[in-house]
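Here the structure is laid out as structure tokens; the discussion comes afterwards.
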Amino acid sequence: MFDTNTVSLLFRQHPRLLAAMERVPPSSVCISSITQAELLYGVAKRQNKALKQTVMMFLDAVTVYSWDSAAAHCYGVMRASMEKQGRPLGALDQLIAAHAVSRGATIVTSDRAFTMVAELEVEDWTQ
4 MFDTNTVSLL FRQHPRLLAA MERVPPSSVC ISSITQAELL YGVAKRQNKA
54 LKQTVMMFLD AVTVYSWDSA AAHCYGVMRA SMEKQGRPLG ALDQLIAAHA
104 VSRGATIVTS DRAFTMVAEL EVEDWTQ
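In the working numbering, the protein residues as written are 4 to 130.
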């Protein structure tokens, strides 16, 4: 499951990310509907036609998993645990992490903050 920063790096054609993409079947690329919302917010905020076209083409090409009650359950447990440990994660990142955990998905991101989530498998394809 790609995090928003991974999608942004993909749009900027990060060389190592592009090379890693060649090794996975396109059908295995997925995002959370939370990431979809962040991408659509970026489009609305910037009012850039080229960006909108890129985002819409990307969204048409990947699997977007809808937020569900399993993700909500994971979020509640994970957020309480992380707060108890004094290890907060940004609000949207917590939602994305919980969604990945609930689906048994690996999160693909260069954002090191995700490594604070014990239950989450994290891969950085930019390394």
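Think of the CB as a built atom: it goes at the ideal place given N, C-alpha and C, for glycine as much as any other residue.
Check: In terms of residue numbering, what span does the beta strand (DSSP E) encompassing Val32 cover?
Finding: Position 29 of the sequence shown, counted from the first residue, corresponds to residue 32. Note, Val32: premise wrong, no beta strand (DSSP E); not H, not E.
Review point. Three or more beta-carbon pairs under 8 Å between the segment 4-18 and the segment 29-45, yes or no?
Key: Yes, since at least three Cβ pairs between the segment 4-18 and the segment 29-45 fall closer than 8 Å, the two stretches touch.
Among Ser105, Arg106, Asp127 and Glu122, which has the Cα closest to the Cα of Asp114?
Taking the first residue of the sequence shown as position 1, residue 114 is located at position 111. It is Asp127.
- prompt: Could you give the distance in angstroms between the alpha-carbon of Cys77 and the alpha-carbon of Val104?
  reply: Residue 77 sits at position 74 when you count from the first residue of the sequence shown. Residue 104 sits at position 101 when you count from the first residue of the sequence shown. Straight-line Cα distance between these residues: approximately 7 Å.
Practice prompt. Please work out which residues of its chain come closer than 7 Å, Cβ to Cβ, to Phe14, disregarding the five sequence neighbours upstream and downstream, and give them in chain order.
Written response: As a working note, residue 14 is residue 11 in the sequence shown. Closer than 7 Å at the Cβ level, and outside the excluded window around Phe14, lie Thr57.
Going by C-alpha distance, which of Met59, Val120 and Leu95 is nearest Met81? On the sequence shown, position 78 is the one that residue 81 refers to. Of Met59, Val120 and Leu95, the smallest CA-CA separation from Met81 is found for Val120.
On the three-state DSSP scale, how would you describe Val58? The count along the sequence shown starts at 1 and reaches residue 58 at position 55. Secondary structure of Val58 (DSSP, three-state): helix.
Beta-carbon within less than 7 Å of Ser69's beta-carbon, same chain only, minus the 5 sequence neighbours each way: which residues are those? As a working note, residue 69 is residue 66 in the sequence shown. Here the set comprises Ser36.
I'd like to know whether the C-beta atoms of Ile110 and Ala101 end up nearer to each other than 8 Å.
Here residue 110 is taken as the residue at index 107 of the sequence shown, counted from 1. Here residue 101 is taken as the residue at index 98 of the sequence shown, counted from 1. No.
Hey, quick one: how far does the beta strand (DSSP E) through Val67 stretch, first residue to last?
The residue labelled residue 67 in the question sits at position 64 within the sequence shown. Thr66 to Tyr68 is the extent of the beta strand (DSSP E) around Val67.
(Q) Looking only at its chain, what residues have a beta carbon closer than 7 Å to the beta carbon of Leu95, apart from the 5 residues adjacent to it on each side? (A) Working through the sequence shown from its first residue, we reach residue 95 at position 92. Counting only residues of its own chain and dropping the five nearest sequence neighbours on each side, Leu95 has a CB closer than 7 Å to the CB of Ile37 and Glu41.
query = Going along the chain, which residues of its own chain have a beta-carbon closer than 7 Å to the beta-carbon of Pro91, five neighbours each way excluded?
reply = On the sequence shown, residue 91 is found 88 positions in, with the first residue counted as 1. Closer than 7 Å at the Cβ level, and outside the excluded window around Pro91, lie Met85.
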